[in-house]
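Enquirer:
Residue numbers (full-length UniProt numbering), protein chains in the order written: chain A, 1 to 393; chain B, 1 to 392; chain C, 1 to 248.
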């Protein structure tokens, strides 16, 4: 039973876009905010400021953490809150590589995510469940997101709410698109919604349309973004040969060409499920890829299943799961460095900072480059420190 | 008056703007120049230093030595040395940077402070380029002083030159009068009556002190040092580890070290401080074991010599000139530059006082063979000889 | 066994051509020439009133000839699409979209196989030269610079790809728009276009036709049309290259 909420904000209360969620969820609960008293100016008096140093005093097994900035991730790591609610305002959705690593780690660890824009919303749907959006497009849809956040704190299951919102958004968009000429991107998003809802025939129609529109508009990524998506749609339509050929058409880089060759070869050998998993992975549908691969782990003579699963977990910011897959085989120096860096990431996300630094230092025995990862941790710490002091610049 | 001008990339501290160039940067190279100026002055000659200056050019006098700083471009060190040489009076000594394509003034001496391209993973092309530069130095300089046997071997094996005496092996030195074990201690550990600490088990365990006595940098092995510190502090509750050296602020190493320190569960037993040149003796005298975990780029380590001279048991890696100083198991322990090897050697010495004493005793004895007076005499003779050769 | 997506050997090269009343122009020579280096030919005849269909049928390599009763001239998109559909029914590996008055230079015929027997790119563009008033000279001036760019003529056919033409009536590209979105190369091999190689009268007739169909310059450039009548176009003599003997 959650009786405490702690908010890790990205701005002062006055500008905070999720006040209603806090107010609703905060009823009958103690609510703390990691900020200075000045940061809470204008807030209900029931909200209390708390410092980073005081965080250890909270009853974490009964606490829900609400986070609106990815740089808080290491302050929360290792504390094991009963629920972790990631609400990401549009300004906090994107940034440089180091920032995105924090964001992905937060999204991977969260009980639920509420995005503010469709790109992040849809991207996360390919990695995990319980993803929501709140972007002011449609009040009813936004209300579902708010309700989900409150429900998650109350311990209620929210998977069906997520599906409900997805369906609602798709319906809403379909209505809108009837009156407007959609751009390639809008048609594409519609295809993605339909894919996620399991409506694969309609998804194929919209994806083809998106591709046509992209070609007419001379968009550079017409083939590698829009057309490529047809490959996973066709897979779900039960046409694996067409699906793989579709992917093959779009393979340009060496990595993509190699992946296509592998898929085709696996299919030749009758290993359809593994070929399909690779196709899903190359389309960044990590959720479905992981599901199919998990089922194939028993029969993995060439280690391809494990290697793919490792890729998928690494890409989804699940370093713990990735590490569990690595065996004791002899490694090259490059492998060893990668392994140690991955360990460092996993330990940092468990809140074990000292052990994380130790692992990264071991990676740095072969060259100074890994030291940058320590600098990255320090920079994120610095950012969290500034946020805690009410410095929101 | 005979003049000797030393050209160097670094002497007085110009790394921080606002520093009044009032002291030399705390590294071995700068101390070398300081000592060499002393030799020149002791002979009644005039010592001048021309150095590169990161910020602005300057002129000053430091302990009777005229020092001029030259602005330079990072990608044209050779050009800067040529400018410094053009302005130089008397005998010119190229005190560093021999791996740059410098056009040397005839009749000059060069000093090589060690092989600094011995990182195993450096590319073949870099190593090939260095070979060309070193050959250029060997061809263009009249004499080259090598501070360790490794550079001498490198030249004999990889370069071609006619005069076998062009390379002069003149190992670094230590002032054994100043750097000596603590009064009344013999040659053993730092404290006769060791401070005892309660290690929590109810027994009185002796306090132990491990010293890393050099700049905190990647090549000087700060990474393995941090790694073994983690293990040793956990296993030895009465151990304190001191890092006695400068950090260049803002670098990845500096940030890594600060981050490591801040989150360290045993940070109350980690000390980081810097010492002026000779005051570092205090650090050696307080230490039970000194670690010189160089990963690459080492001439004759002054830290190693000083530690040995102070009668401290030394654990060093088998890199560069350290091999000229340490005979494994006799006057120190010498190991490959890996975390595991360093950890085992240091742990072994920390738990075995008699082994420490024995190594320390031989270390002090070895240091005598590298005494400063001998170095001063040899340099004085070499300079006299060279001044004669070039008719000054 | 699936049909491999991209073959590095043994590609079937099919030429596709639309024709209309070509009997007394270059058709015979064109089909004879094509027959020496393509595997099959597919033709759509847009309701010719002369011996064009007979000439087409007389060549063994013409595997399909679609004869339209009513002309689709003026509905270019439909015509293009019909030709495309007919061609892909023959399961080609590569398609060469070529007109009845276009001829590859000699050396291109042996090099074409090398261009298609690979798995890295899916289309090839060639430099096309507008011959002017004879078969010896081509035109090169400010409005006649087709040879300065590449014209996509050769594409790999992959059944799972989406091929579509824009729904225009004129100036529809000869190949589906989506082909260009794939990886392709510009070859330095040259194609000779003889459409303007006839006498002044024939060029004048073409001019009249353009001005009748497109008086406002909606589909093409009026300046370009006008330049057809230039009395002194800049002409360059064509040099056929030495045949490059294939490596053995």
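No residue lacks a Cβ here, since even glycine has one placed at the ideal position from N, Cα and C.
Check whether chain C comes within 8 Å of residue 271/A, counting only Cβ atoms and requiring the distance to be less than that.
Expert: Locating residue 271/A in the first chain gives position 271, counting from the first residue. No, its Cβ sits nowhere closer than 8 Å to a Cβ of chain C.
Enquirer: Spell out whether any CB of chain A is found under 8 Å from the CB atom of residue 222/C.
Expert: Here the question's residue 222/C lines up with position 222 in the third chain. So no, residue 222/C is outside the interface.
Enquirer: Name the residues in the region 151-174 of chain C whose C-beta lies less than 8 Å from a C-beta of chain A; which are they?
Expert: Listed by position, the residues of the region 151-174 of chain C near chain A (Cβ gap below 8 Å) are 158, 159, 160, 161, 162, 164, 166.
Enquirer: Which residues in chain F sit within 9 Å of residue 265/B, going by Cβ to Cβ distance?
Expert: Included in the structure are the protein chains A, B and C, with no chain F among them.
Enquirer: Sorted by chain position, which residues of the same chain lie with C-beta nearer than 7 Å to residue 351/A's C-beta, five sequence neighbours on each side aside?
Expert: Position 351 of the first chain, counted from the first residue, corresponds to residue 351/A. So the qualifying residues of the chain are 77, 78, 79.
Enquirer: Quick one: using the 10 Å Cβ neighbour count with 16 as the cut-off for buried, is residue 329/B buried or exposed?
Expert: Stepping through the second chain from its first residue, residue 329/B is reached at position 329. It is exposed - the Cβ of residue 329/B has fewer than 16 other Cβ atoms within 10 Å.
Enquirer: May I have a chain-ordered list of the beta strand (DSSP E) segments no shorter than 3 residues that lie completely inside the UniProt domain "Glycosyltransferase 2-like" (19-153) of chain C?
Expert: Listed in chain order, they are 40-45, 62-67, 94-97, 102-104, 123-130, 137-139.
Enquirer: In whole angstroms, what separates the C-alpha of residue 223/B from that of residue 173/B?
Expert: In the second chain, residue 223/B corresponds to position 223, counting from 1. In the second chain, residue 173/B corresponds to position 173, counting from 1. So the alpha carbons of these two residues sit roughly 27 Å apart.
Enquirer: Relative to the alpha-carbon of residue 23/B, which residue among 361/B, 282/B, 62/B has its alpha-carbon at the smallest distance?
Expert: Reading the second chain from its first residue, position 23 is the one you call residue 23/B. Residue 62/B is the option with its Cα nearest to residue 23/B.
Enquirer: Along the alpha helix (DSSP H) that carries residue 335/B, what are the first and last residues, could you check?
Expert: For the purposes of this step, residue 335/B is identified with residue 335 of the second chain, where counting begins at 1. Here residue 335/B belongs to no alpha helix (DSSP H); instead the beta strand (DSSP E) covers 333-335.
Enquirer: Can you tell me whether residue 189/B is buried or exposed? The criterion is at least 16 other CB atoms within 10 Å of its CB, across all chains shown.
Expert: Position 189 of the second chain, counted from the first residue, corresponds to residue 189/B. Residue placement at residue 189/B cannot be trusted, given a pLDDT of 47 that sits under 50; what the coordinates show is reported in the next sentence. It counts as buried.
Enquirer: Using a Cβ cut-off of 9 Å, pull out every chain C residue sitting near residue 212/A, in sequence order please.
Expert: As a working mapping, residue 212/A is identified with position 212 in the first chain. Within 9 Å Cβ-Cβ: 162, 164, 177, 178.
Enquirer: If you check the beta carbons only, do residue 149/A and residue 112/A fall under 8 Å apart?
Expert: Walking along the first chain from the start, residue 149/A turns up at place 149. Walking along the first chain from the start, residue 112/A turns up at place 112. Yes. Within cutoff.
Enquirer: Quick check on residue 45/B - is its C-beta less than 8 Å from some C-beta in chain A?
Expert: Residue numbering aside, residue 45/B sits at position 45 when the second chain is read from its first letter. Not closer than 8 Å to any Cβ of chain A, the Cβ of residue 45/B fails to qualify, so no.
Enquirer: Who are residue 85/A's beta bridge partners in DSSP?
Expert: Translated into positions along the first chain, residue 85/A becomes position 85. Paired residues: 66/A, 112/A.
Enquirer: Within this structure, are the beta carbons of residue 233/A and residue 195/A separated by less than 8 Å?
Expert: Working through the first chain from its first residue, we reach residue 233/A at position 233. Working through the first chain from its first residue, we reach residue 195/A at position 195. Their beta carbons are under 8 Å apart, which means residue 233/A touches residue 195/A by this criterion.
Enquirer: Taking C-alpha atoms, which residue in 123/B, 25/B, 9/B, 150/B lies nearest to residue 85/B?
Expert: Numbered from its first residue, the second chain carries residue 85/B at position 85. Closest by alpha carbon: 9/B.
Enquirer: Within 8 Å (strictly less), CB to CB, does residue 303/A reach chain C?
Expert: Position 303 of the first chain, counting from 1, holds the residue named residue 303/A. Residue 303/A does not count as touching chain C.
Enquirer: Any beta carbon from chain C within less than 8 Å of residue 227/A's own beta carbon?
Expert: Taking the first residue of the first chain as 1, we reach residue 227/A at position 227. Output row for residue 227/A: interface = yes.
Enquirer: Enumerate in chain order the residues of its own chain whose CB-to-CB distance from residue 380/A is below 8 Å, with the five nearest sequence positions on each side excluded.
Expert: Along the first chain, one-based indexing puts residue 380/A at 380. Answer for residue 380/A: 71, 73, 74, 98, 102, listed in chain order.
Enquirer: Which same chain residues end up closer than 7 Å to residue 34/B when comparing Cβ atoms and leaving out the 5 residues on each side of it in sequence?
Expert: Your numbering for residue 34/B matches position 34 in the second chain. Once the five neighbours on either side are set aside, the close Cβ partners of residue 34/B are 24.
Enquirer: Compare the C-beta of residue 136/C with all C-beta atoms of chain A and state if any pair is closer than 8 Å.
Expert: Working through the third chain from its first residue, we reach residue 136/C at position 136. With 8 Å as the cut-off, residue 136/C does not count as an interface residue toward chain A.
Enquirer: Cβ of residue 183/C less than 8 Å from any chain A Cβ?
Expert: One-based indexing of the third chain puts residue 183/C at position 183. By this cut-off, residue 183/C is an interface position.
Enquirer: Which residues in the same chain have their Cβ closer than 7 Å to the Cβ of residue 186/C, if we skip the five residues on either side of it in sequence?
Expert: Numbered from 1 along the third chain, position 186 holds the residue referred to as residue 186/C. For residue 186/C, where only same-chain residues beyond five positions count, the Cβ hits under 7 Å are 125, 150.
Enquirer: Tell me which residue opens and which closes the alpha helix (DSSP H) that residue 202/C is part of.
Expert: Here residue 202/C refers to the residue found at position 202 of the third chain. Residues 200-213.
Enquirer: Can you name the residues of chain A whose CB is closer than 7 Å to the CB of residue 218/B?
Expert: Counting from 1 along the second chain, the entry for residue 218/B is found at position 218. By Cβ distance, chain A contributes 368.
Enquirer: Could you check whether the Cβ of residue 117/B sits closer than 8 Å to any Cβ belonging to chain A?
Expert: Sequence index remark: in the second chain, residue 117/B carries index 117 (1-based). Residue 117/B does not count as touching chain A.
Enquirer: Could you say if the region 59-68 of chain C and the region 111-123 of chain C meet the contact criterion of at least three C-beta pairs nearer than 8 Å?
Expert: Touching, no, given that fewer than three Cβ pairs across the two stretches are closer than 8 Å.
Enquirer: How many Å lie between residue 318/A and residue 120/A at the Cα?
Expert: Walking along the first chain from the start, residue 318/A turns up at place 318. Walking along the first chain from the start, residue 120/A turns up at place 120. Answer to the nearest angstrom: the Cα atoms are 18 Å apart.
Enquirer: Using 8 Å as the cut-off, can you tell me whether the region 83-96 of chain C makes contact with the region 41-48 of chain C, which would need three or more C-beta pairs spanning the two stretches below that distance?
Expert: Segments in contact, yes.
Enquirer: Over what stretch of residues does the alpha helix (DSSP H) that includes residue 361/A continue unbroken?
Expert: As a working mapping, residue 361/A is identified with position 361 in the first chain. Residue 361/A -> alpha helix (DSSP H) spans 353-363.
Enquirer: Along chain B, which residues have their Cβ under 9 Å away from the Cβ of residue 357/A?
Expert: Within the first chain, numbered from 1, the residue matching residue 357/A stands at position 357. In chain order: 226, 230, 256, 259, 260, 263, 264.
Enquirer: First and last residue of the beta strand (DSSP E) that includes residue 30/A?
Expert: On the first chain, position 30 is the one that residue 30/A refers to. Start and end: 30-34.
Enquirer: When DSSP labels each residue in this structure, what does residue 224/B get in the three-state scheme?
Expert: Here residue 224/B refers to the residue found at position 224 when the second chain is read from its first residue. Helix, per DSSP.
Enquirer: In terms of residue numbering, what span does the alpha helix (DSSP H) encompassing residue 313/B cover?
Expert: The sequence position of residue 313/B within the second chain is 313, counting from 1. Looking at the DSSP string, residue 313/B is not in any alpha helix (DSSP H); the run it does join, the beta strand (DSSP E), is 313-317.
Enquirer: Looking only at its own chain, which residues have a Cβ that is under 7 Å from the Cβ of residue 159/A, when we skip the five neighbours before and after it?
Expert: Position 159 of the first chain, counted from the first residue, corresponds to residue 159/A. Excluding positions up to five away in sequence, the list reads 129, 130.
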